[in-house]
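**Student:** Have a look at this one.
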C-alpha cells in the first residue's frame, strides 16, 4: 500500500480524477466552465483539482499529520532551524491583558501556558539549481550563509496559514524564500501551536514570543537585536489572521506603555514597521457574502451550514480521535463560540478606533471566499487613517501566490509585497487611498476607492457578524447539553 502523500499515492489520486479533469477541459473548450472569462486554463484546472481534495473526512490527527509532511530542503533556499527558549509566564499574561481589555462580553477561552517555540530562518539561496541539495553544515553556519545573502536592514516575521489547525513552516518554504528573495531580508517562520489541541489564544502567545525574540534575543540566539521599526509582520490565510491579532495585541499593550521581562531583559512593547498579508482570514465566523458568491473561482470549501439553512451549527463531521472532539465539545476547532467576534479572533469585528495608530498595511486578495472580509477590513482601516496598500486579483483563488508562485499573478504578488516591505522598513510608504483591481484582461485594470469596495455598510456587516455568532453560540449550547446528558447515563 502506498503511503499517504507519496508520489505513488499522488499519482493514484490524480488518476481517479481524470474524469473531472476531462470534464473541466470540455467545459472550458465550449466556454461553459465556472472560470471562463476570469481564469486562464491552468488556474481553473488547479482550482478544480485542489477543490476535489478538500472537505476531508479523516480524523483530526491524520489530517494534521498529512498537512505537515516535510518536503525536504533543496534548491534555492536556506533554512536554519531554531528553538526559541521558553519565556516567562509574563508573555501569556500580556496576551491575556490584551484579550481582557478588548473583550466585548461573554467570551470564554483557555489559559494556554507558555513553552519553547520552534521556528525556521528562511532565506533565498542564489545561483543554485532547483534540485541542489541542502549543504551539510550546522544550523548556525546555515544562518550565517543565509544572512550574507539576505543583507537588508529588516526582518519579516511570517505566520503560515492552514485554518489554525493545519500546516507548518515546512509547507511554506517556497513562499518565505520568495519573500526573502524580493525583500533581500531573512524571514523567521514560526511553528505556532495548532488547534484543536491548543485553541485560542495559544497561537497568539507563540506569535508574541517570536516577536519579542526578534527584538530582545536571549543569550545564544543566532541573530542580534532587531528594532521593531525594522520588523514586518506577514502571513497568509489564518497566518494573516494571526499577524493581525498580534498587531492589535501590540497596539493595545503599547497604548498602556506595557513592558515585560523577556529572558531577563525588560522589553518595551512597540509596534512593528508594517504588516503584509495575503488572503487573510479576517472573519472566523464566515459571515460575508463572498463566502458563497465567489465559490466558482475558489477551492476553499463552503460552510456546511448557515443561520438561514440550519437551526443550530453542527460539529465538523469527522471521525473522533484523541484530538477531536474535545470535552466539553465546541463548534469550532479554534475558539469557543462566544469568543468568535473578539477582535483578536475576528479582526473584522474590531472597532475602527483600535486601528488608528496602526503602521502601514498591505493586503492582497483574489476573487475568493475571503475577499469581502479582507476588503471591508481595508475600508475600515482606511477610515481610521491607516496607510493601506491593497490589491485584488480578479479570478484568483485563495493564496494564489502560494499554490502558483511561477504564474504571472504569483510573480506580481511577490514583486509587490517585496517592494512594500522594503519601503515600509525605510519609512517610505505612500498609500493612494484606493484598491488596485488587477483584472483578468489587463486593459481593464483600475483603482477603486475604498469606500466602494463593498455595497455592505458597516452596520450591515456588524449585523451579519452578530447573527452568525448568536447561531453558533446556540449550536454550541446544544452540543454541550447533549454531552452532559450522555455523561449522566
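In mature numbering (1 follows the signal peptide of the UniProt record, and there is no 0), the protein residues as written are -23 to -1, 1 to 466. Beta carbons are placed, not taken as given, at the ideal position from N, Cα and C, and that holds for glycine.
(1) To the nearest angstrom, report how far apart residue 147 and residue 208 are at their CA atoms.
(2) Rounded to whole angstroms, what's the CA-CA distance from residue -20 to residue -11? Just pull it up for me.
(3) Counting only the same chain and skipping the five closest in sequence on each side, list residues whose C-beta sits under 8 Å from that of residue 15.
(4) Give me, in chain order, the residues of the same chain whose beta-carbon lies closer than 7 Å to that of residue 10; leave out the 5 immediate sequence neighbours on both sides.
(5) Give me the Cα-Cα distance between residue 407 and residue 364, rounded to the nearest whole angstrom.
(6) Along the beta strand (DSSP E) that carries residue 365, what are the first and last residues, could you check?
(7) Suppose you measure from the CA of residue 422 to the CA of residue 414; what does that come to, to the nearest Å?
(8) In the DSSP output, which residue or residues are listed as bridge partners for residue 251?
(9) Around the Cβ of residue 78, are there at least 16 other Cβ atoms within 10 angstroms (buried) or fewer (exposed)?
(10) Are at least three pairs of beta-carbons, each pair with one atom in the region 257 to 267 and one in the region 166 to 176, less than 8 Å apart?
(11) Given that a residue counts as buried once 16 or more other Cβ atoms are within 10 Å of its Cβ, and exposed if not, what is residue 437?
(12) Does the distance from the CB of residue 351 to the CB of residue 340 come in under 8 Å?
(13) What are the uninterrupted segments assigned as beta strand (DSSP E) that are 3 or more residues long and contained completely in the region 304 to 351, given in chain order?
(14) Residue 480 by DSSP, collapsed to three states: which one?
(15) Specify whether the region 60 to 71 and the region 223 to 238 touch according to this definition: at least 3 beta carbon pairs, one from each stretch, less than 8 Å apart.
(16) How many whole angstroms separate the CB atoms of residue 167 and residue 157, which I take to be in contact at a CB cut-off of 8 Å?
(17) Between residue 490 and residue 319, what straight-line distance do the alpha-carbon atoms span, to the nearest angstrom?
(18) Just mark residue 431 as buried or exposed, buried being the case when its beta carbon has 16 or more other beta carbons within 10 Å.
(19) Within a Cβ cutoff of 6 Å, which residues of the same chain sit near residue 92, ignoring the five residues on either side of it in sequence?
(20) Tell me, please, whether the region 303 to 310 touches the region 443 to 461 by the rule of three or more beta-carbon pairs shorter than 8 Å.
(21) Would you kindly work out how many angstroms separate the C-alpha atoms of residue 221 and residue 465, rounded to a whole number?
(22) Distance, Cα to Cα, residue 403 vs residue 396?
(23) Output yes or no for whether 8 Å exceeds the beta carbon distance between residue 251 and residue 376.
(24) By a C-beta neighbour count over all protein chains shown, 10 Å radius and 16 as the cutoff for buried, is residue 357 buried or exposed?
**Tutor:** In short, the structure shows the following:
(1) Translated into the one-based positions of the chain shown, residue 147 becomes position 170. Translated into the one-based positions of the chain shown, residue 208 becomes position 231. Roughly 21 Å between the two C-alpha positions.
(2) Numbered from its first residue, the chain shown carries residue -20 at position 4. Numbered from its first residue, the chain shown carries residue -11 at position 13. In this predicted model, residue -20 has a pLDDT of only 47, less than 50, meaning its place in the structure is not dependable enough to derive any value.
(3) By 1-based counting over the chain shown, the position of residue 15 is 38. Cβ neighbours of residue 15 beyond the five flanking positions: 274, 344, 371, 372, 417.
(4) In the chain shown, residue 10 corresponds to position 33, counting from 1. Excluding positions up to five away in sequence, the list reads 1, 4, 21.
(5) The residue you call residue 407 lines up with position 430 of the chain shown. The residue you call residue 364 lines up with position 387 of the chain shown. Going by the C-alpha atoms only, they are around 7 Å apart.
(6) Taking the chain shown and counting its residues from 1, one reaches residue 365 at position 388. Segment 365 to 370, the beta strand (DSSP E) holding residue 365.
(7) In the chain shown, the residue the question calls residue 422 occupies position 445. In the chain shown, the residue the question calls residue 414 occupies position 437. In a straight line, the C-alpha of residue 422 is about 6 Å away from that of residue 414.
(8) As a working note, residue 251 is residue 274 in the chain shown. Looking at the DSSP assignment, residue 251 forms a beta bridge with 209.
(9) On the chain shown, residue 78 is found 101 positions in, with the first residue counted as 1. When all chains shown are included, residue 78 counts as exposed.
(10) no
(11) Sequence index remark: in the chain shown, residue 437 carries index 460 (1-based). Residue 437 should be labelled exposed.
(12) Against the chain shown, residue 351 aligns to sequence position 374. Against the chain shown, residue 340 aligns to sequence position 363. In contact: residue 351 and residue 340 (Cβ atoms closer than 8 Å).
(13) 338 to 342
(14) Residue 480 is absent from the structure shown; the chain starts at -23 and stops at 466.
(15) yes
(16) Counted from its first residue, the chain shown places residue 167 at position 190. Counted from its first residue, the chain shown places residue 157 at position 180. Rounded, the Cβ-Cβ distance is 15 Å, inconsistent with contact.
(17) In this structure the chain extends from -23 to 466, so residue 490 is not present and cannot be described.
(18) Counting from 1 along the chain shown, the entry for residue 431 is found at position 454. When all chains shown are included, residue 431 counts as buried.
(19) Taking the first residue of the chain shown as 1, we reach residue 92 at position 115. Hits under 6 Å: 63.
(20) yes
(21) Walking along the chain shown from the start, residue 221 turns up at place 244. Walking along the chain shown from the start, residue 465 turns up at place 488. Computed Cα separation, rounded: 42 Å.
(22) What you label residue 403 is simply residue 426 of the chain shown in a count that begins at 1. What you label residue 396 is simply residue 419 of the chain shown in a count that begins at 1. Distance between the alpha carbons of residue 403 and residue 396 is about 11 Å.
(23) For the purposes of this step, residue 251 is taken as the residue at position 274 of the chain shown. For the purposes of this step, residue 376 is taken as the residue at position 399 of the chain shown. Going by C-beta atoms, residue 251 is not nearer than 8 Å to residue 376.
(24) Numbered from 1 along the chain shown, position 380 holds the residue referred to as residue 357. The residue in question, residue 357, is buried, as its Cβ has 16 or more Cβ neighbours within 10 Å.
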